[in-house]
Structure formats: C-alpha cells, structure tokens
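Each residue of the sequence shown is one higher than the last, beginning at 18 in my numbering.
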Amino acid sequence: MPLTRDFRETVKNRAERDTKFRNGLLAEALEAIVRGELDVAKILLRDYINATEGFESVGNAIGKSPKSVMRMLGKDGNPNAINLFGVTRHLQKTAGKTFRVVPVKPTETAKT
C-alpha cells in the first residue's frame, strides 16, 4: 500500500523539527540493513532522504544522478553494496552521527 502525500509530509515535518525522530529514522534504516531487511531499509532511507536533504544532494555526494538513487531505493530497486554503503556513509556524515553495529544476545525462542 503506497504512502499518501499527507503521511510523507507528516514525516517530513516531524523530522525537520525533531532531531531525535530524524536520527531514529536513520538508525532504524541501518538496523534493517544489518538484519537483512532490505525492503524495510529502502523505505526508511527514502523517508529519511525526503525529510532531510533530498535526493539531489545524496546523488551528488555519491556520484550518482538523483533519479538513480531514487530507483535504487525504490520498491523494485536492488542497490549494490558500494552504492548502499555510499548512501548510508553520506547520510551519517551529514547527520553528524556515527552508527556502529553492537552484538546483542539473541532472544530465547520458545521450545517446541
């Protein structure tokens, strides 16, 4: 189900005024990548980019056209690791944040 323009505008407005929310979007996107949930990560990265600097800036930073970055992070997009990590590296830099992977204990699963 596609997101409505109103929802995207709501996310953008909140991200503009709420640094914690904005950083949370980026953190969730990076966590989704680590969990192997690329479709979720692409949605979150699109939301983050739309709510912050825009695809033009990201494309210029990684040496790709804005349309290419949009397609890469689109529903049917399949970004290669170099491009995906280029995007995430740039977004962390412009956010002034550095995220890292921290191992956690797996949750216990119910025994069957």
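C-beta: ideal position from N, C-alpha, C; glycine also.
Integer Cβ distance of residue i from residue j, believed to fall under 8 Å
{"i": "F38", "j": "A32", "result": "6 Å"}
{"i": "P83", "j": "G76", "result": "4 Å"}
{"i": "A68", "j": "K29", "result": "4 Å"}
{"i": "F72", "j": "M87", "result": "5 Å"}
{"i": "T111", "j": "L47", "result": "Rounded, the Cβ-Cβ distance is 14 Å, inconsistent with contact."}
DSSP state of residue i mapped onto helix, strand, coil
{"i": "L90", "result": "coil"}
{"i": "S82", "result": "coil"}
{"i": "P116", "result": "Here the sequence assigns Phe to residue 116, which means Pro is not the residue at that position. Coil."}
{"i": "G76", "result": "helix"}
{"i": "G71", "result": "coil"}
{"i": "T36", "result": "helix"}
{"i": "K122", "result": "coil"}
Identity of the residue in the options nearest residue i by Cα
{"i": "E26", "options": "G103, V104, Y65", "result": "Y65"}
{"i": "L55", "options": "N40, L90, A44, A78", "result": "L90"}
{"i": "P96", "options": "R117, R63, V121, S74", "result": "R63"}
{"i": "A78", "options": "F116, I60, N100", "result": "N100"}
{"i": "E45", "options": "K122, P123, R117", "result": "R117"}
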